[in-house]
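S.K.:
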Amino acid sequence: MENGERSVIVFTPTGRDATLIQETLKKAGIESTACSSVGDLLTELAEARAALLLAEEALTADCVEAIRGLINQQPTWSDLPVIVLTSTGQQSPATEYRMTLLAPLGNISLIERPVRPSTLISIVRSALRARDRQYQFREQAKALQSSNEDLERFANIASHDLQEPLRTIASYSQLLARRNQHNLDEDSQVFLHHILNGVDRMRTLISELLDFSRHTSARDVPMEQVDCNNVFGLVLQNLQFKIAETGAKISFERLPVVLGGESQLTQVFQNLIGNALNYCQRTPEISVYARRSGDRWTIAIKDNGIGIPAEYQSRIFGLFERLHTRDEYPGSGIGLAACKRIIEQYGGRIWVESNPGEGSTFFFTLPAAKAEAAAAVQDYAS
Ligand code: ADP
534 MENGERSVIV
544 FTPTGRDATL
554 IQETLKKAGI
564 ESTACSSVGD
574 LLTELAEARA
584 ALLLAEEALT
594 ADCVEAIRGL
604 INQQPTWSDL
614 PVIVLTSTGQ
624 QSPATEYRMT
634 LLAPLGNISL
644 IERPVRPSTL
654 ISIVRSALRA
664 RDRQYQFREQ
674 AKALQSSNED
684 LERFANIASH
694 DLQEPLRTIA
704 SYSQLLARRN
714 QHNLDEDSQV
724 FLHHILNGVD
734 RMRTLISELL
744 DFSRHTSARD
754 VPMEQVDCNN
764 VFGLVLQNLQ
774 FKIAETGAKI
784 SFERLPVVLG
794 GESQLTQVFQ
804 NLIGNALNYC
814 QRTPEISVYA
824 RRSGDRWTIA
834 IKDNGIGIPA
844 EYQSRIFGLF
854 ERLHTRDEYP
864 GSGIGLAACK
874 RIIEQYGGRI
884 WVESNPGEGS
894 TFFFTLPAAK
904 AEAAAAVQDY
914 AS
């Protein structure tokens with residue numbers, strides 16, 4: 534913990550309260566810093582501090598507004614404890630007004646004056662204990678972020694470095710196959726065929742891993758208006774051979790404009806439609822539609838494929854989770870994990886509803902682009 538993070542800020546601008554409080558806290562081994570003006574207070578609050586102890590009469594509208602601004606900007610791990618020493622006696626209109634000002638400050642405890650030193654100490658100690666827990670969460674969040682960054686870097690470097698030797702294996706195996714077309718016996722030709730298949734699989738795996746780490750790194754989250762109709766059109770083009778090969782019927786409604794990144798959303802649509810084509814034992818029938826709720830869109834991709842048993846419906850979004858062998862269905866187990874990370878970066882959710890043997894519907898939510906909202910709703914209504 535850094536200097537000052539265990540220190541309680543005391544803001545009681547009138548009388549001798551500040552000195553008395555600081556003496557009481559000091560006797561209990563609690564560090565404190567007294568502020569004599571709102572300016573001082575804001576400077577102190579700009580750093581992480583253990584708690585804020587205020588006298589009610591210090592709560593002018595300006596002071597509360599300034600504190601609220603800082604409290605609203607707290608990182609997610611932080612919920613600064615605010616302890617307010619209230620006035621004695623009858624509730625006056627002034628007191629009531631101040632109490633209404635306090636509400637938005639969040640984590641507040643009120644203590645009525647005159648305060649016994651033991652009461653003050655126990656309340657401050659309990660605030661400090663809660664604050665310690667928040668600091669522990671901060672440390673865990675930092676450690677997680679740094680290990681995530683390490684993993685992303687590792688995935689990126691490993692996939693780049695693996696590409697090079699793989700290219701060598703691929704070119705020399707192809708050369709060997711070409712040059713010795715007529716000299717190799719049947720067994721050797723089968724062996725070479727397996728090598729080349731393996732190389733192909735590895736190439737796909739590496740390029741999907743690279744995509745995964747490229748598109749899902751936290752630093753790379755474009756937030757632009759993306760017309761899902763364009764993205765969907767591009768994906769149909771990319772998958773045209775697979776669509777023709779399976780004879781799939783694909784129906785769709787007009788899709789919305791959302792906030793996101795075009796290449797990220799292309800990856801999401803392509804993975805989900807690619808899976809709908811892949812995990813199917815009859816002619817695929819796929820429908821794509823969107824529904825609006827508040828400021829979000831839910832986009833659905835429904836198929837008539839093999840379906841997913843209930844107990845696997847959340848597991849399949851994990852990296853490398855697959856329900857079949859590669860001989861049954863080709864794949865690498867990266868696609869849905871990438872979709873999940875992309876959608877969650879936009880504050881959305883992705884899930885599946887499915888009946889094995891009948892089909893699955895994958896849903897994901899995305900923020901609506903404000904400008905298109907009204908027009909799209911009218912479109913659906915007409
Ligand atoms: P991949 O398709 O490369 O194996 P994914 O992460 O896209 O990887 O999917 C994970 C697993 O979820 C798949 O292996 C499959 O078992 C299951 N799955 C995904 N989409 C569907 C679908 N539309 N219908 C049935 N099963 C699916």
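Residue numbers for the sequence shown follow the numbering used here, beginning at 534 and rising by one. Glycine included, every Cβ here is placed at the ideal spot set by N, Cα and C. Just so we're clear, the structure is a prediction, and the values are computed from it rather than from any experiment.
I'd like the list of long-range same chain contacts for residue 661, defined as Cβ closer than 6 Å, with 5 residues on each side in sequence excluded.
M.R.: Within the sequence shown, residue 661 is the residue found at index 128, counting from 1. Closer than 6 Å at the Cβ level, and outside the excluded window around residue 661, lie 583.
S.K.: Compute the beta-carbon to beta-carbon distance between residue 764 and residue 798, rounded to the nearest angstrom, for a pair I have assumed lies under 8 Å.
M.R.: Your numbering for residue 764 matches position 231 in the sequence shown. Your numbering for residue 798 matches position 265 in the sequence shown. Confirmed, Cβ separation roughly 5 Å.
S.K.: Using DSSP bridges, identify the partner residues of residue 696.
M.R.: As a position in the sequence shown, residue 696 is number 163, starting the count at 1. Answer is none; residue 696 lacks a bridge partner.
S.K.: Could you spell out where the beta strand (DSSP E) holding residue 556 opens and where it closes?
M.R.: Locating residue 556 in the sequence shown gives position 23, where the first residue counts as 1. Taken as a continuous stretch (DSSP letters only), residue 556 belongs to no beta strand (DSSP E), being part of the alpha helix (DSSP H) at 550 to 560.
S.K.: Tell me which residues share the same chain as residue 575 and place their Cβ nearer than 6 Å to its Cβ, disregarding the 5 neighbours each side in the sequence.
M.R.: Along the sequence shown, read from residue 1 onward, the residue named residue 575 stands at position 42. The answer, listed in chain order, is 599.
S.K.: Rounded to the nearest angstrom, how far is the Cβ of residue 691 from that of residue 789, given a contact under 8 Å?
M.R.: Position 158 of the sequence shown, counted from the start, is the residue given in the question as residue 691. Position 256 of the sequence shown, counted from the start, is the residue given in the question as residue 789. That pair is no contact at about 37 Å.
S.K.: What's the gap between the Cα of residue 834 and the Cα of residue 772?
M.R.: As a working note, residue 834 is residue 301 in the sequence shown. As a working note, residue 772 is residue 239 in the sequence shown. Computed Cα separation, rounded: 15 Å.
S.K.: Using only CA atoms, which one of 741, 706, 640 lies nearest to residue 732?
M.R.: The sequence position of residue 732 within the sequence shown is 199, counting from 1. With distances taken between Cα atoms, residue 732 lies closest to 706.
S.K.: To test your reading of the DSSP string, which unbroken alpha helix (DSSP H) runs of 4 or more residues are found completely within the stretch 624 to 706?
M.R.: Complete alpha helix (DSSP H) runs here, min 4: 626 to 635.
S.K.: My output table needs one value for residue 832: the three-state DSSP class, helix, strand or coil.
M.R.: For the purposes of this step, residue 832 is taken as residue 299 along the sequence shown, with counting starting at 1. Three-state result, residue 832: strand.
S.K.: In the DSSP assignment, the beta strand (DSSP E) including residue 897 goes from what residue to what residue?
M.R.: By one-based count along the sequence shown, residue 897 stands at place 364. Residues 892 to 900.
S.K.: How would you write the range of the alpha helix (DSSP H) that residue 757 sits in, first residue to last?
M.R.: On the sequence shown, residue 757 is found 224 positions in, with the first residue counted as 1. Where residue 757 is concerned, there is no enclosing alpha helix (DSSP H), although the beta strand (DSSP E) it sits in stretches over 757 to 760.
S.K.: Any heavy atom of ligand 1 closer than 7 Å to the beta-carbon of residue 836?
M.R.: Taking the first residue of the sequence shown as position 1, residue 836 is located at position 303. It does: the Cβ of residue 836 is within 7 Å (strictly closer) of some heavy atom of ligand 1.
S.K.: Going by the C-beta, is residue 890 closer than 7 Å to any heavy atom of ligand 1?
M.R.: The residue you call residue 890 lines up with position 357 of the sequence shown. No, the beta carbon of residue 890 sits no closer than 7 Å to any heavy atom of ligand 1.
S.K.: If we count Cβ pairs, one from each stretch, closer than 8 Å, do we get three or more for the stretch 867 to 886 versus the stretch 846 to 854?
M.R.: The stretch 867 to 886, when compared against the stretch 846 to 854, does touch it at the 8 Å Cβ threshold.
S.K.: Residue 593 to residue 579, Cα distance in whole Å?
M.R.: Taking the sequence shown and counting its residues from 1, one reaches residue 593 at position 60. Taking the sequence shown and counting its residues from 1, one reaches residue 579 at position 46. Between residue 593 and residue 579, the C-alpha separation is close to 19 Å.
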